[in-house]
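Comments concern the structure below.
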Amino acid sequence: MALTVALSQYVAMRMHADEIDIDSGLVRRLLAAQFPHWADLPIERVDSSGTDNAMYRLGSELAVRLPRRQFVADGLRKEQHWPAVLAPQLPVEVPVPVAVGEPDDDFPFPWAVLRWIDGRNPVVGALADPEALALDLAEFVQALRKIDPTGGPAQSRGVPLGSPGRDALTREAISQLHDDIDTGEALALWDRAITLPEPPGVFWSHGDLSPGNVLVRDGRLSAVIDFGGVGIGDPTVDLVVAWNLLPADARSVFRAELDVDDDTWERGRAWAMSIALVQLPYYRDTNPGLSANSRHVLSEVLG
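Note that the sequence shown covers residues -11 to 291 in my numbering.
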């Protein structure tokens, strides 16, 4: 993986009630017990606004990725298989595990060792070439959608906006944000979006195209990371990068390259809003970077 520098400061505090304590000493013990040939390499915590996994750089060529909680650990099994299947058909690098650690007395979840991917997270509002990046992102989304979906796992966000779980999460979040946004406007946008027709068929989608999961080199897309949510379903959720990263001019380039119709674009905007709405109250005090990006998205969507 790569050093996360774009979404503000590293989150050292606990973000989840059921989160496991992880530190470099734990990583060293796990390596010594299961992969002793790597146990003497330097270990450095990776500053990240990520919420699901702790990341440590291991030497110069590897990274260790450890789930913070059970919910995420269940998704790690998906990451052990599908990135290797998808990688040859994608235009940029993706993280493929080189080894998978098993739970033991020190750590209750599976964990992974991956190749380190050089790059940095793009900074919202400071992109070197936003339109070129928009084209790169569109190419990635198109390539993912062209892959045969047969046998793929379900995409948790590949569901209709109005599905009971998503609808309830979104409305509950809106009810907590009266001091932050125009809740009437947010509800009106949501109520319109859930009545829009869903697209026919299912496709692969990443599920979490956000600045923290995108890496760039020389201003161009070089990798997409965190495949814990990848799966099959309605791929509209991958449009969220248009609001959480791209400025308005590049957003239109992204849309044109994907040839997105009006209804799908509005559902993408509602997905971006919903994700930001849910994130903001949950991470307000524990993840400054993610909270800032959530506010940015709500400003772009509702402004």
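In this text, a Cβ means the ideal position worked out from N, Cα and C, and glycines have one as well. Note that the structure is predicted; figures quoted are calculated from it, not measured.
CB contact flag (residue i, residue j, <8 Å)
i, j, result
"Leu217", "His194", "First, the residue type needs correcting, since residue 217 is Gly and not Leu in the sequence shown. Yes."
"Leu246", "Ala126", "yes"
"Arg283", "Leu268", "yes"
"Val212", "Phe97", "no"
"Leu74", "Ile162", "no"
"Glu119", "Ala238", "yes"
"Gly207", "Ser144", "no"
"Val101", "Leu29", "no"
"Ile182", "Leu149", "yes"
"Val204", "Arg103", "no"
"Leu175", "Met261", "no"
"Leu18", "Trp99", "yes"
"Arg243", "Leu184", "no"
"Val190", "Pro110", "no"
Where the alpha helix (DSSP H) through residue i begins and ends
i, result
"Ser151", "That residue, Ser151, is in no alpha helix (DSSP H); it is neither H nor E in DSSP."
"Leu175", "171 to 181"
Element boundaries [beta strand (DSSP E), containing residue i]
i, result
"Pro118", "Per DSSP, Pro118 belongs to no beta strand (DSSP E); it is in the alpha helix (DSSP H), 118 to 134."
"Gly89", "85 to 89"
"Val202", "202 to 205"
"Pro19", "Inspection of the sequence shows that residue 19 is occupied by Leu rather than by Pro. No beta strand (DSSP E) contains Leu19, which is instead part of the alpha helix (DSSP H) from 12 to 22."
"Ala280", "Element bounds for Ala280: not the beta strand (DSSP E) but the alpha helix (DSSP H), 276 to 290."
"Phe191", "191 to 193"
"Val101", "99 to 103"
Straight-line gap, residue i to residue j (C-alpha atoms, nearest Å)
i, j, result
"Ala230", "Lys66", "26 Å"
"Arg16", "Pro91", "14 Å"
"Gly139", "Pro83", "21 Å"
"Ala0", "Ser198", "Low confidence applies to Ala0: its pLDDT is 48, below 50, so where it sits in the model is not reliable enough to give any reading."
"Val88", "Glu173", "46 Å"
"Ala122", "Ala61", "32 Å"
"Ala42", "Leu209", "23 Å"
"Glu288", "Asp249", "19 Å"
"Glu186", "Val225", "12 Å"
"Arg53", "Ala236", "34 Å"
"Pro55", "Ala131", "28 Å"
"Pro76", "Gln164", "43 Å"
"Arg133", "Pro188", "13 Å"
"Leu278", "Tyr271", "7 Å"
"Gly113", "His166", "26 Å"
"Asp251", "Asp196", "21 Å"
"Pro85", "Ala142", "21 Å"
"His25", "Asp35", "25 Å"
"Ala51", "Asp179", "43 Å"
"Asp214", "Phe59", "15 Å"
"Leu64", "Asp40", "10 Å"
"Asp94", "Arg33", "18 Å"
"Tyr(-2)", "Ala280", "Any reading at Tyr(-2) must be qualified, since the residue scores a pLDDT of 41, below 50, and its modelled position is unreliable; the value itself is stated next. Computed Cα separation, rounded: 13 Å."
"Thr(-8)", "Tyr44", "Bear in mind that a pLDDT of 34 at Thr(-8), under 50, signals an unreliable position, so the number given afterwards is only what the model happens to contain. Cα to Cα, the separation comes out at about 11 Å."
"Ala(-6)", "Ala156", "Caution is warranted here: a pLDDT of 38 is assigned to Ala(-6), below 50, making its placement in the model unreliable, and the coordinate value is therefore given only provisionally. Roughly 31 Å between the two C-alpha positions."
"Thr274", "Ser151", "28 Å"
"Ala72", "Pro79", "14 Å"
"Leu14", "Asp117", "40 Å"
"Thr171", "Ile263", "15 Å"
"Val241", "Ile169", "28 Å"
"Pro276", "Asp124", "28 Å"
"Ala27", "Ala20", "5 Å"
8 Å contact criterion, which residue i and residue j should meet: CB distance rounded
i, j, result
"Val228", "Trp192", "Their Cβ separation, rounded to whole angstroms, is 16 Å, which puts Val228 and Trp192 out of contact at 8 Å."
"Pro223", "Gly153", "At roughly 18 Å, the Cβ-Cβ gap does not stay under 8 Å, so Pro223 and Gly153 are not in contact."
"Val285", "Asn201", "With 8 Å as the limit, Val285 and Asn201 do not qualify as a contact, their Cβ atoms being about 14 Å apart."
"Ala31", "Ser12", "It is worth fixing the name first, because residue 31 is Ile in this sequence and not Ala. Their Cβ separation, rounded to whole angstroms, is 5 Å, which keeps Ile31 and Ser12 in contact under 8 Å."
"Ile8", "Arg57", "6 Å"
"Leu265", "Thr158", "6 Å"
Chain D contact for residue i (CB, 8 Å cutoff)
i, result
"Leu102", "Here there is only one protein chain, and chain D is not present."
At which residue ranges does the stretch 212 to 254 contain complete beta strand (DSSP E) runs of 3 or more residues, listed in the order of the chain? 219 to 221
Quick one: which unbroken alpha helix (DSSP H) runs of 4-plus residues sit fully inside the stretch 18 to 84? Chain order, please. 58 to 74
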